[in-house]
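Residue numbers (the numbering used here), protein chains in the order written: chain A, 335 to 522; chain B, 335 to 522. For each residue, glycine too, the CB sits at the ideal point set by N, CA and C. Predicted model, so just to flag it, every value in this text is computed and none were measured.
Number of protein chains: 2
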Amino acid sequence: MPVNTKTALLNSAERAARSRGFDGFSYADLAADVGIRKASIHHHFPAKADLAVALMERYHDRLGAACDDIDGKEPRASARLSAMIDVYRRAHDGGKSLCLCAAFSTSRESLPEPVIQCISRFRSMMVAWFASVFELGRADGSIADVHDPAHEAAAILPLLEGAQLAARAEENPELFEKPLHLMLQRMR
Amino acid sequence: MPVNTKTALLNSAERAARSRGFDGFSYADLAADVGIRKASIHHHFPAKADLAVALMERYHDRLGAACDDIDGKEPRASARLSAMIDVYRRAHDGGKSLCLCAAFSTSRESLPEPVIQCISRFRSMMVAWFASVFELGRADGSIADVHDPAHEAAAILPLLEGAQLAARAEENPELFEKPLHLMLQRMR
DNA sequence: GTCTATATGTGGATAGAC
DNA sequence: GTCTATCCACATATAGAC
Numbered sequence: 335m336p337v338n339t340k341t342a343l344l345n346s347a348e349r350a351a352r353s354r355g356f357d358g359f360s361y362a363d364l365a366a367d368v369g370i371r372k373a374s375i376h377h378h379f380p381a382k383a384d385l386a387v388a389l390m391e392r393y394h395d396r397l398g399a400a401c402d403d404i405d406g407k408e409p410r411a412s413a414r415l416s417a418m419i420d421v422y423r424r425a426h427d428g429g430k431s432l433c434l435c436a437a438f439s440t441s442r443e444s445l446p447e448p449v450i451q452c453i454s455r456f457r458s459m460m461v462a463w464f465a466s467v468f469e470l471g472r473a474d475g476s477i478a479d480v481h482d483p484a485h486e487a488a489a490i491l492p493l494l495e496g497a498q499l500a501a502r503a504e505e506n507p508e509l510f511e512k513p514l515h516l517m518l519q520r521m522r
Numbered sequence: 335m336p337v338n339t340k341t342a343l344l345n346s347a348e349r350a351a352r353s354r355g356f357d358g359f360s361y362a363d364l365a366a367d368v369g370i371r372k373a374s375i376h377h378h379f380p381a382k383a384d385l386a387v388a389l390m391e392r393y394h395d396r397l398g399a400a401c402d403d404i405d406g407k408e409p410r411a412s413a414r415l416s417a418m419i420d421v422y423r424r425a426h427d428g429g430k431s432l433c434l435c436a437a438f439s440t441s442r443e444s445l446p447e448p449v450i451q452c453i454s455r456f457r458s459m460m461v462a463w464f465a466s467v468f469e470l471g472r473a474d475g476s477i478a479d480v481h482d483p484a485h486e487a488a489a490i491l492p493l494l495e496g497a498q499l500a501a502r503a504e505e506n507p508e509l510f511e512k513p514l515h516l517m518l519q520r521m522r
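Given below as structure tokens:
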């Protein structure tokens with residue numbers, strides 16, 4: 335429940351960007367969705383580039399908080415990994431949406447420099463977190479056959495984003511689950 | 335070397351779509367690139383939707399031919415898989431580009447129905463081909479630890495497209511290689 | 001098949017009143 | 001903070017001459 339217009343705009347823009355790409359929505363779309371005139375949006379985000387920056391920064395912070403939250407709740411590596419897979423499962427929304435990082439990567443050329451850097455920071459953060467999970471998985475034995483945590487971590491983010499992409503292509507949630515099957519089977 | 339205008343337009347449009355998304359280029363861009371006026375493009379592709387269909391069909395046929403070509407040349411499963419990984423490696427062009435399937439999946443909502451169906455056929459074709467490769471890999475022993483060819487096949491396409499997406503995000507070719515490391519190590 | 005010229009809509013963005 | 005009104009650039013697309 336957004337209490338203010340700015341948050342409502344960010345929520346609307348994030349939904350739009352994740353389902354149609356950054357070039358796939360306009361201020362007119364947001365205006366219709368939120369219920370104000372498009373000129374009013376410029377009061378909150380003078381240029382669309384400013385909106386892109388705000389979206390990516392909020393997303394970075396939100397996922398960072400999700401990592402911390404999971405670490406605090408789940409002591410076992412398999413449970414941590416499972417919880418993050420669930421974050422990506424919910425994010426792809428049955429094949430209607432991508433995570434913001436994947437959506438923005440395609441639209442790269444339309445995005446201002448600060449957003450590119452924020453994407454880079456986001457990926458580093460997530461890969462580092464996944465690496466810590468696989469290291470723990472090797473130690474606590476809750477994930478099978480972990481011989482190389484760093485490369486497991488490098489692979490899992492592309493796999494999750496690629497699975498979202500596959501599901502998005504046909505709006506078919508099954509296409510998100512199938513690619514993850516082997517990984518899920520390694521968890522105990 | 336395209337001999338005719340239509341092919342030149344398809345080549346230019348494919349480059350543009352793969353690096354900027356389907357919403358990220360216009361007939362004006364193609365006109366400038368190919369060296370004709372934008373009105374002339376409508377003679378070859380009346381609407382942009384027609385162009386999208388032609389692009390996806392050509393891509394489907396080209397990758398289908400690549401699968402056949404690899405099967406004809408490489409008897410070993412590991413060599414076949416390696417050859418297809420190389421197709422995707424070349425396609426991502428050092429982080430400047432995606433495969434057409436990944437690029438179109440993000441822009442899904444802007445695309446006409448025939449293109450969506452063609453993407454679906456494309457994915458089925460590729461997953462079936464990868465499944466045949468992993469089955470062969472289990473039989474000839476050239477790919478280690480293949481216990482479930484169908485799920486391996488379901489995972490490899492998202493992994494390749496996700497790796498392209500990662501590399502694209504930062505225009506960094508290393509981000510394509512790292513996620514594939516574990517898979518490459520299984521090949522002998 | 002390609003051109004000029006043009007139609008029509010929509011994009012992001014600004015000025016200034018309330 | 002939101003509005004109306006407007007600007008200008010660019011999008012896809014068409015008509016008709018060459």
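Where do the ends of the alpha helix (DSSP H) carrying residue i lie?
i               : result
P513 of chain B : Looking at the DSSP string, P513 of chain B is not in any alpha helix (DSSP H), and its letter there is neither H nor E.
A386 of chain A : K382 to K407
N345 of chain A : T339 to R354
S416 of chain A : A411 to H426
I375 of chain A : K372 to H378
D367 of chain A : Y361 to V368
Return the bridge partner residues of residue i from the DSSP annotation.
i               : result
M521 of chain B : B:I477
Cutting at 6 Å between CB atoms, please list the residues of its own chain near residue i, excluding the five before and the five after it.
i               : result
M390 of chain A : V449 and C452
C401 of chain B : W463
A487 of chain A : V461, F464, A465 and F468
E495 of chain A : A436
F379 of chain B : L385
I490 of chain B : F464
I477 of chain A : A411, S412, G471, R520 and M521
Y422 of chain A : L494
Please return the same chain residues whose Cβ sits closer than 8 Å to the Cβ of residue i, not counting the five positions on each side in sequence.
i               : result
A365 of chain B : R371, K372, S374 and I375
A350 of chain A : G358, F359, D363, L364 and D367
V387 of chain B : P446, P448, V449 and C452
R502 of chain A : H426, G429, K430, S431 and L432
P513 of chain A : L493, G496, A497 and A500
E504 of chain B : G429
M459 of chain A : H394, L397, G398 and C401
L434 of chain A : E348, A351, R352, L389, M390 and Y393
R455 of chain B : H394
R457 of chain B : C435 and L491
In its own chain, which residues sit with a C-beta less than 7 Å from the C-beta of residue i, not counting the 5 before and 5 after it?
i               : result
P483 of chain B : A465, F468, E469 and R472
D474 of chain A : R410 and A411
L516 of chain B : none
S346 of chain A : L364, D367 and V368
T440 of chain A : G355
S525 of chain A : Summary: the structure shown does not reach residue 525 of chain A, with chain A confined to residues 335 through 522, and so no result is reported for it.
A417 of chain B : I404 and E408
K340 of chain A : H378
Practice problem: Can you check the region 430 to 496 of chain A for any alpha helix (DSSP H) of at least 4 residues that lies completely inside it and give the ranges in chain order? | Solution: Counting only runs of 4 or more, we get 434 to 440 and 447 to 474.
Self-check item: chain B contacts made by the region 497 to 517 of chain A, where a contact means CB separation under 7 Å
Solution: The region 497 to 517 of chain A vs chain B, Cβ under 7 Å: A497, L499, A500, R502, A503, E504, K512, P513, H515 and L516.
Quiz item: Along the region 446 to 461 of chain A, what residues have a CB closer than 8 Å to any CB found in chain B?
Solution: Across the region 446 to 461 of chain A, CB contacts with chain B closer than 8 Å involve I450, I453, S454 and R457, in sequence order along the chain.
Practice problem: Below 8 Å between beta carbons is the criterion; list the residues of the region 340 to 362 of chain A that meet it against any residue of chain B, in chain order. | Solution: Taking 8 Å as the cut-off between beta carbons, the residues of the region 340 to 362 of chain A near chain B are S353, R354, G355, D357 and G358, in sequence order.
Self-check item: Residues in the region 459 to 485 of chain B having any Cβ partner in chain A nearer than 7 Å
Solution: Answer set for the region 459 to 485 of chain B: D482 and H485.
Quiz item: For the region 414 to 445 of chain B, which residues have a CB atom closer than 9 Å to at least one CB atom of chain A, in sequence order?
Solution: For the region 414 to 445 of chain B, the residues whose beta carbon sits under 9 Å from a beta carbon of chain A are, in order, L432, C435, A436, A437, F438, S439, T440, S441, R442, E443 and S444.
Quiz item: Residues in the region 378 to 400 of chain B with C-beta within 7 Å of chain A's C-beta atoms, listed in sequence order?
Solution: Within the region 378 to 400 of chain B, no residue qualifies.
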